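Trainee: My questions will all concern the structure given below.
2 protein chains.
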Amino acid sequence: MKTMDQCLTALVSVLGTPEKDIPLHAPYFGGNEWKYVKSCIDTGWVSSVGEYVNLFETKLIEYTKANYAVAVVNGTAALHIGLILANVNADDEVLIPSLTFIATANAVAYCGAIPHFIDSHPSNLGIDIEKLRNYLKENTIVKDRTCINKKSLRKITAIIPVHIFGHPVDMDALDEICQEYHLTIIEDASESLGSYYKGKHTGSFCDIAVLSFNGNKTVTCGGGGAILLKNAEMAKRAKHLTTTAKRAHRWEFYHDELGYNYRLPNINAALGCAQLEQLSGFVEKKRILAHQYYEAFQGIDIATILQESPYAKSNYWLNALILKKPDRQFVSSFIELANEHKLGLRGLWTPLDTLPMYLQCPKMDLSQTYALFDSVIALPSSPNLGSNYA
Amino acid sequence: MKTMDQCLTALVSVLGTPEKDIPLHAPYFGGNEWKYVKSCIDTGWVSSVGEYVNLFETKLIEYTKANYAVAVVNGTAALHIGLILANVNADDEVLIPSLTFIATANAVAYCGAIPHFIDSHPSNLGIDIEKLRNYLKENTIVKDRTCINKKSLRKITAIIPVHIFGHPVDMDALDEICQEYHLTIIEDASESLGSYYKGKHTGSFCDIAVLSFNGNKTVTCGGGGAILLKNAEMAKRAKHLTTTAKRAHRWEFYHDELGYNYRLPNINAALGCAQLEQLSGFVEKKRILAHQYYEAFQGIDIATILQESPYAKSNYWLNALILKKPDRQFVSSFIELANEHKLGLRGLWTPLDTLPMYLQCPKMDLSQTYALFDSVIALPSSPNLGSNYA
């Protein structure tokens, strides 16, 4: 109990004693949000037609240096389309971490494909790449430039690395494996807008990457997402698939393949444009907050604050307090206690392989995932907290 | 060419000579749109949390007298969830008109099910119910309270009547057939908010119905939709499925089935709330416009304006000019001509059974559908047109 009190004291030293609930991550609207949204309403362009969707895509390209960006309705939709672009078909397997938000697995299921769960590493909460290498060596064969699961005999088509809490996976090491095993990478940068890997923005160096602008993200559209692409042909197809696969025509309605109604409304894009203008400032403040958390927990033996990898600059979307020894009881009790004190702590996502709809899916040994689930606590990480709090 | 000029003159007599393009249907923001949307931004509640989603659902229930309403991201998502609630499984067939927007067929495909196309009637552009009755009698058998397609041997689980352009299908007659053949009805009221069937709002009397609030609809959320439900258990499941099937918990993440990220963001719901407050006035104006079109085309031999059925009160979402004799050439040429004159006329949707991804699907004789495709022209129908134009 003493250590629990120490942890609470450390939190309060950063966040102050809250008068009202401090959520895990709240949006901050301090720029042109009202101006842009108002202009949508005043012009009547709130829906699929309007300038802000294009402007939002342009701003995303400018910020991330991706070649192309296609705005969509949310990160889940972006993942779904990303998998289709990667030619993931029904009954294929897709490697994904068990330790991530449910959308990653669901998007695989939407394709009729099967999530194949892989383990995560405590250094950055992302895919354990060395373990993956050994696992693939032992459990798959490559035939005709196709990776086959030796046990299920199904094709393993793709892999989705997720930059958990904003911390980049070691993409060079992963890329080497993916080339050897002919796996297409769909980079899930939903949590890592503003994070860099070896100086390049996450999501900007793979053929296919996805972003999310949900209300709990670093910047928000209310709801929103985007697909980042390297290649013009793929970008064109992404736009086509997300707009009901309708052929361009002034007054005819002709759709040439199974499409989706995934386009981002203009009013949400307007909000996103205003938010993107403030992104650099948000990331700066979030990094200061992360440092404050780090300092505050320096004197506490049982836990540390997750730090970015040497190759990475993290947006610290969410700060992670990691127990040195897994302790489910401590995790639950401390989250309860903090929430009673109006501090909106959360646990990690229940490992996806243990959820009823994914119980039968193939998986490697996930001991590190389970240990992380019993060790990691997410801390309030809005940009205006800590010494940034005005 | 003389008749084409006459038709153009009739249009101009209603709409005036436009200085700028008159779109097919534009939103009108004359109420609390600013106030509600600004309050989202000011409070920071733009996303999944916030009061407007609940308020929007309450207002929908008040207006339609449905028992329950679940707001979602668009009408396509509403259809998808409606089909899941109707227990439509992979390889089932679902009866849908060939003459409707692509979303109806796509939602069936998202379930892994197969659209089975049925014909439409010129009196209201909706399902030809007598033809359906004869078709089912001849082509299906009922076994263990299940309707089986005699040819494909697949189960026919459900049917989606669409109230095209706001004109209600004869639901009593349809219901009788559906009871006989054990078909679940998913009522597609995407185009018929403000339309009534025998005094009841469309979508309020079936177990499952859907609405759309796309930018081209009578009222809009930018993008949005809703599922209307009769039964509390189903409403609960609809909310669960559309919010990633996450169990309610303050800080744990546990999802108990395959769910979807289909919730409507609060900022879009705020816009929708303001729009719903003006709905009655919009419908009144749209009915006046419809009457003006009717009068203007009275003297023209080759075409008429579609009128509501005796049992119905239509919102006249889109006014339909119907040629007395199908004439593809006239339809195309007149739409071209009108668009050159800044009048945003459109054709009907290409019959869905002729699109490449649905070519192999089962279908009845669709001669009336093809004739309608070559006869119907949609006219600009925003509430502020005609004598309503200030």
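From first to last, the protein sequence lines stand for chains A and B.
Using my numbering, the first residue of the first sequence is number 13, and each one after it goes up by one.
Using my numbering, the first residue of the second sequence is number 13, and each one after it goes up by one.
The beta carbon of each residue, even a glycine, is placed where N, CA and C say it ideally should be.
The structure presented is a predicted model; accordingly, all values stated were derived computationally and were not measured.
For Lys-242/B, which residues does DSSP report across the bridge?
Mentor: DSSP output for Lys-242/B lists no bridge partner at all.
Trainee: Tyr-431/B CB to nearest chain A CB: under 9 Å?
Mentor: Nothing can be reported for residue 431/B: it is not among the residues displayed for chain B, which extend from 13 to 402.
Trainee: Ignoring anything shorter than 4 residues or poking outside the segment 194–276 of chain A, list the alpha helix (DSSP H) runs there in chain order.
Mentor: 244–254
Trainee: Of all Cβ atoms in chain D, is any one closer than 9 Å to the Cβ of Phe-177/B?
Mentor: Absence of chain D from the displayed structure is noted, the protein chains being A and B.
Trainee: Take the Cβ of Ile-153/B as the centre, count every other Cβ of all protein chains shown within 10 Å, and call the residue buried at 16 or more, exposed below.
Mentor: exposed
Trainee: Answer with yes or no whether the minimum CB distance from Val-106/A to chain B is below 9 Å.
Mentor: no
Trainee: Is there a Cβ from chain A that is less than 9 Å from the Cβ of Met-16/B?
Mentor: At a cut-off of 9 Å, the C-beta of Met-16/B has no neighbouring C-beta in chain A.
Trainee: Which class does Phe-177/B belong to by DSSP, given the choice of helix, strand or coil?
Mentor: helix
Trainee: Chain A partners of Asn-278/B, CB-CB under 7 Å?
Mentor: Gly-234
Trainee: With a cut-off of 9 Å, does the C-beta of Arg-275/B fall near any C-beta of chain A?
Mentor: yes
Trainee: Going along chain A in order, which residues have a C-beta closer than 8 Å to the C-beta of Ile-347/B?
Mentor: Trp-263
Trainee: When the Cα of Pro-109/A is compared with those of Ser-164/A, Ile-172/A and Ala-98/A, which residue comes out closest?
Mentor: Ile-172/A
Trainee: Is His-128/B helix, strand or coil when you go by DSSP?
Mentor: strand
Trainee: Whose CA, out of Ala-125/B, Thr-55/B and Ile-73/B, lies closest to the CA of Leu-270/A?
Mentor: Taking only the C-alpha atoms, the option nearest Leu-270/A is Ala-125/B.
Trainee: Residues in its own chain within less than 7 Å of Ile-96/A by CB, not counting five upstream and five downstream?
Mentor: Cys-123 and Leu-253
Trainee: Do three or more CB pairs link the segment 263–282 of chain A to the segment 310–321 of chain A at distances below 8 Å?
Mentor: no
Trainee: Taking Thr-152/B as part of the beta strand (DSSP E), name the residues at either end of that continuous run.
Mentor: 152–155
Trainee: Check whether the Cβ atoms of Lys-167/B and Thr-158/B sit closer than 9 Å, and answer yes or no.
Mentor: A contact, by the Cβ cut-off of 9 Å.
Trainee: Count the other CB atoms within 10 Å of the CB of Ala-119/B; is the residue buried (16 or more) or exposed (fewer)?
Mentor: buried
Trainee: Using a Cβ cut-off of 9 Å (strictly closer), state whether Ala-89/B contacts chain A.
Mentor: yes
Trainee: Taking 8 Å as the threshold, find out whether the segment 88–104 of chain B comes into contact with the segment 359–375 of chain B through three or more Cβ pairs.
Mentor: Look at the beta carbons and you see the segment 88–104 of chain B not touching the segment 359–375 of chain B: under three pairs across the two are nearer than 8 Å.
Trainee: Terminal residues of the continuous alpha helix (DSSP H) containing Ile-53/B?
Mentor: First-last of the alpha helix (DSSP H) with Ile-53/B: 45–55.
Trainee: From Glu-63/B to Glu-69/B, what does the alpha carbon distance come to, in whole angstroms?
Mentor: 10 Å
Trainee: Would you list, in chain order, the members of the segment 241–256 of chain B that have their beta-carbon closer than 8 Å to a beta-carbon of chain A?
Mentor: Residues of the segment 241–256 of chain B with a C-beta atom less than 8 Å from some C-beta of chain A are Thr-256, listed in chain order.
Trainee: How is Thr-21/A classed by DSSP in three states: helix, strand or coil?
Mentor: helix
Trainee: Does DSSP put Ala-402/A in a helix, in a strand, or in coil?
Mentor: With a pLDDT of 47 at Ala-402/A, under the threshold of 50, the modelled position of this residue cannot be trusted; read the value that follows with caution. Residue state, collapsed to three classes: coil.
Trainee: Assuming Glu-289/A is part of the beta strand (DSSP E), what are its boundary residues?
Mentor: Unbroken run through Glu-289/A: none, as it is neither H nor E.
Trainee: Between Lys-210/B and chain A, is there a C-beta pair that is closer than 9 Å?
Mentor: no
Trainee: Residues in the same chain with beta-carbon distance under 6 Å from Pro-277/A, minus the five sequence neighbours each way, listed in chain order, please.
Mentor: Only Ser-59 meet the Cβ criterion.
Trainee: How long is the line joining the alpha carbons of Ser-164/A and Tyr-147/A, rounded to whole angstroms?
Mentor: 14 Å
Trainee: For Asn-305/A, which residues in the same chain have their Cβ closer than 7 Å to its Cβ, ignoring the five residues on either side in sequence?
Mentor: Asn is not the amino acid found at residue 305/A; the sequence shown has Tyr there. So the list reads Val-26, Ile-317, Asn-331 and Leu-391, once near-sequence residues are dropped.
Trainee: Got a sec, what are the start and stop residues for the alpha helix (DSSP H) Leu-95/A sits in?
Mentor: 87–97
Trainee: The beta strand (DSSP E) spanning Asn-136/B covers which residue range?
Mentor: First-last for Asn-136/B: undefined, no H or E at that position.
Trainee: Please determine, among Ser-202/B, His-261/B, Tyr-209/B and Lys-248/B, the residue with the shortest C-alpha to C-alpha distance to Ala-238/B.
Mentor: In terms of CA proximity to Ala-238/B, Ser-202/B leads the group Ser-202/B, His-261/B, Tyr-209/B and Lys-248/B.
Trainee: Taking Val-65/B as part of the alpha helix (DSSP H), name the residues at either end of that continuous run.
Mentor: 63–76
Trainee: Pick helix, strand or coil for Ala-117/A, following the three-state DSSP scheme.
Mentor: Ala-117/A: helix per DSSP, three-state reduction.
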